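Engineer:
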Amino acid sequence: MIPDNSEKGTGLILEYRDQYLFHVSGRKHRTEPGERFFAGIGGHCEENESFIQAAKREAVEETGKSVKVSNSARTDLVDSDGRVLDTIVLPTPAPRIIYRMLDRREDLPKAKPYVIACFEAEFVDDSPFILDPEEVSALIALPKSMLVKSLERKIGLDDILSSGGEIVAGYLEASTMLFPLGTAVALANLLKRDSENDREVSHDA
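Plus 295 on top of the position in the sequence shown (first one is 1) and you've got my numbering.
#1: Would the beta-carbon of Leu452 fall within 8 Å of that of Leu486?
#2: Should the region 359 to 371 be regarded as contacting the region 416 to 435, the criterion being three or more beta carbon pairs within less than 8 Å?
#3: So, for Val410: in the same chain, excluding its five sequence neighbours on each side, which residues have a beta-carbon less than 8 Å away from its beta-carbon?
#4: What does DSSP give as the partner residue(s) for Cys413 in the beta ladder?
#5: Going by the beta-carbon positions, is the gap between Val479 and Gly335 smaller than 8 Å?
#6: Leaving out five residues before and five after Arg391 in sequence, what residues of the same chain have Cβ atoms less than 6 Å from its Cβ?
#7: How far does the alpha helix (DSSP H) with Ala350 in it extend, from its first residue to its last?
#8: Can you tell me which of Leu467, Pro475, Leu372, Gly477 puts its alpha carbon nearest to the alpha carbon of Leu385?
#9: In whole angstroms, what separates the C-alpha of Leu380 from that of Gly477?
#10: Output the boundary residues of the beta strand (DSSP E) element that contains Val373.
#11: Starting from Val463, follow the beta strand (DSSP E) in both directions and report where the run begins and ends.
#12: Give the single residue among Glu342, Tyr466, Glu491 whose Cα lies nearest to the Cα of Ser320.
#13: Which residues in the same chain as Phe474 place their Cβ atom closer than 6 Å to its Cβ, once the five residues preceding and following it in sequence are excluded?
#14: Measure the CB-CB distance between Leu316 and Ala436 and report whether it falls below 8 Å.
#15: Taking only three categories from DSSP, how would you classify Glu330?
#16: Is it true that the CB of Phe424 sits closer than 8 Å to the CB of Gly359?
#17: Of the residues Gln348, Cys340, Asp427, which one's Cα is nearest the Cα of His318?
#18: By DSSP, does Asp420 sit in helix, in strand, or in coil?
#19: May I ask you to list the residues that DSSP assigns as paired with Lys449?
#20: Measuring alpha carbon to alpha carbon, tell me which of Ala481, Met472, Glu491, Arg488 ends up nearest Thr326.
#21: By DSSP, does Thr478 sit in helix, in strand, or in coil?
#22: Nearest CA to the CA of Gly306: which residue from Ile455, His339, Ser458, Ser490?
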């Protein structure tokens, strides 16, 4: 399922007012000028750290809030090219998605896979978000339609607001363009697949 030699990371699928919540990369993350990436709250698993432990730690580090991780009745396997390869049942607590990501970090061998376990979760309380601008510049909420569109093109503040999304915390310049990474890509591809399947069923009916 997950190769022993793989680098491992975790991401959270969080909902905020019936939309999906993502963090926007902070100052320490290198991107092209005028661009930032958005991804699920989460990050790299440290040595001897489980996926769940990493997810809970990263949630506190990136948002200042604790989360409760949920078990998923099914787990979809999403490849680096966006294909949904299979749906399986795993022992509790199971992630919603296992995503094999292309790891472009220069300090890792190019052949080494990077696997992200994406868990459904919720915040344990309504306390304010606390962001470290070096790590996280903003938290954004995106509707399903805009998340799927981000697979095709970069999105900006106008796209987020006009689609009904919002800046939940932090700050995002109007000129900044965003692209999805990690959990955001995996979830977007899964939602896209589900939408295509729904259209096929409607057409057949």
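Glycine included, C-beta positions come from ideal geometry on N, C-alpha and C. For clarity, every value in this text was computed on a predicted model and none was experimentally measured.
Structural biologist: This is what the structure holds:
#1: no
#2: In short, these stretches touch, since the Cβ pair count reaches three.
#3: Excluding five sequence positions before and after Val410, the CB atoms of its chain that fall closer than 8 Å to its own CB belong to Ile297, Pro298, Ser301, Glu302, Lys303, Gly304, Ile393, Tyr394, Arg395, Met396, given in chain order.
#4: Gly306, Ile392
#5: The sequence given here has Ala at residue 479, not Val. Cβ distance < 8 Å, so Ala479 and Gly335 count as in contact.
#6: Within the same chain, Arg391 has close Cβ partners Ile308, Ser367, Cys413, Glu415.
#7: Element bounds for Ala350: 346 to 358.
#8: The candidate whose alpha carbon is nearest that of Leu385 is Leu372.
#9: 17 Å
#10: Element bounds for Val373: 370 to 373.
#11: 461 to 465
#12: Tyr466
#13: Phe332, Lys449
#14: yes
#15: If DSSP states are grouped into helix, strand and coil, Glu330 belongs with the strands.
#16: yes
#17: Asp427
#18: In the three-state scheme derived from DSSP, where H, G and I count as helix and E and B as strand, Asp420 is classed as coil.
#19: Looking at the DSSP assignment, Lys449 forms no beta bridge with any residue, so it has no partner.
#20: Of the listed residues, the one whose Cα sits closest to Thr326 is Met472.
#21: helix
#22: His339
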